[in-house]
Amino acid sequence: MGAGRVYWGQIVVVLCAFLLSAVVATQWVADTLGYQPELGAPDAMLWGLRLYAPWKFLLWWYYFDAYARDIFQTGGLICLSGVALAVITAFGFSLWRSREAKNANTYGTARWATTRDIRRLQLTRGDGVILGAWKQDILRHDGDEHVLVVAPTNTGKSVGVSLPTGLVWRHSYIALDLKGENWTVTSGLRASFGPV
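Note that the sequence shown covers residues 1 to 196 in the working numbering.
Written as structure tokens, this is what we have:
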């Protein structure tokens, strides 16, 4: 569901509801008036039915209202019911689309992990990149996905993630170590792991 998106299918349905009511009103008025010659020649014939353009009803109403007021008022109600149906249909489509808004993630879907999330993702088992701690357990990610840690200076990236991971991770890893702190702390132990 995009903001500003035009829903052409829904617009067509609403316009068709209005057009159908205009057709019904026009045909009903023509039939009720007995297809008088003053109404003009029909625009088409279909299976013996005389068909008039939907807008002819409005012209007839303008010219002949004084002669058959009740008929034209009823025709107007038929046409108005189509407008009401079109408005109700448009409103229904709006309600239907608003249900989709519940699934929108315009502002992101990030949230803090719950106990259930931690168990489901098995973050307390095995090896992996150290992400932090939860209760008495160390949270580790041991999947194929990459891990990126970005935070301002002096917020615990080194002591919380990078250094502990460098001390236990037996595979290669890349750390942007501008100050050389990670290398100073982890290089001796990592050298004992062999070529990583």
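Even glycine gets a Cβ: it sits at the ideal position worked out from N, Cα and C. Fair warning: this is a prediction, and the values are worked out from it, not measured in the lab.
Under 7 Å, Cβ to Cβ, is there at least one residue of chain D near residue i?
i	result
Phe-57	The structure shown has no chain D; it contains just one protein chain.
Measuring CB to CB, does residue i end up less than 7 Å from residue j?
i	j	result
Leu-163	Leu-139	no
Val-14	Ala-90	yes
Val-12	Pro-54	no
Ala-25	Ile-78	yes
Thr-165	Val-129	yes
Gly-75	Phe-57	yes
Measuring CA to CA, which of the options is closest to residue i?
i	options	result
Gln-10	Arg-119, Phe-64, Leu-95	Leu-95
Gly-132	Arg-116, Ala-110, Glu-145, Lys-157	Lys-157
Asp-142	Val-150, Gly-126, Thr-155	Gly-126
Gly-160	Trp-134, Leu-46, Gly-76	Trp-134
Asp-137	Glu-145, Asp-144, Ile-118	Ile-118
Leu-46	Lys-56, Leu-59, Gln-27	Gln-27
Glu-39	Leu-49, Arg-50, Gly-48, Trp-60	Sequence check: residue 39 is Leu here, not Glu. Comparing Cα-Cα distances from Leu-39 to each of Leu-49, Arg-50, Gly-48, Trp-60, the minimum goes to Trp-60.
Taking its Cβ as the centre, do 16 or more other Cβ atoms sit within 10 Å of residue i, making it buried, or is it exposed?
i	result
Pro-152	exposed
Tyr-52	buried
Arg-190	buried
Trp-169	buried
Asn-154	exposed
Phe-193	exposed
Gly-82	buried
Met-1	Confidence at Met-1 is low in this model, with a pLDDT of 46, below 50, so its placement is unreliable and no value can be given for it.
On the three-state DSSP scale, how would you describe residue i?
i	result
Leu-20	helix
Leu-15	helix
Met-1	At Met-1 the pLDDT is 46, less than 50, meaning the model places this residue with poor confidence; the figure from the coordinates comes in the next sentence. The answer is coil: DSSP assigns Met-1 none of H, G, I, E or B.
Val-129	strand
Asp-137	strand
Ala-44	strand
Leu-49	strand
Phe-57	helix
Glu-145	coil
Ala-110	coil
Asp-117	helix
Gly-82	helix
Gln-36	coil
(message) With a threshold of 8 Å, are at least 3 pairs of Cβ atoms found where one atom belongs to the stretch 63-71 and the other to the stretch 28-48?
(response) yes
(message) If contact is defined by three or more beta carbon pairs under 8 Å, each pair taking one atom from either stretch, is the stretch 8-28 in contact with the stretch 77-88?
(response) Yes, they touch.
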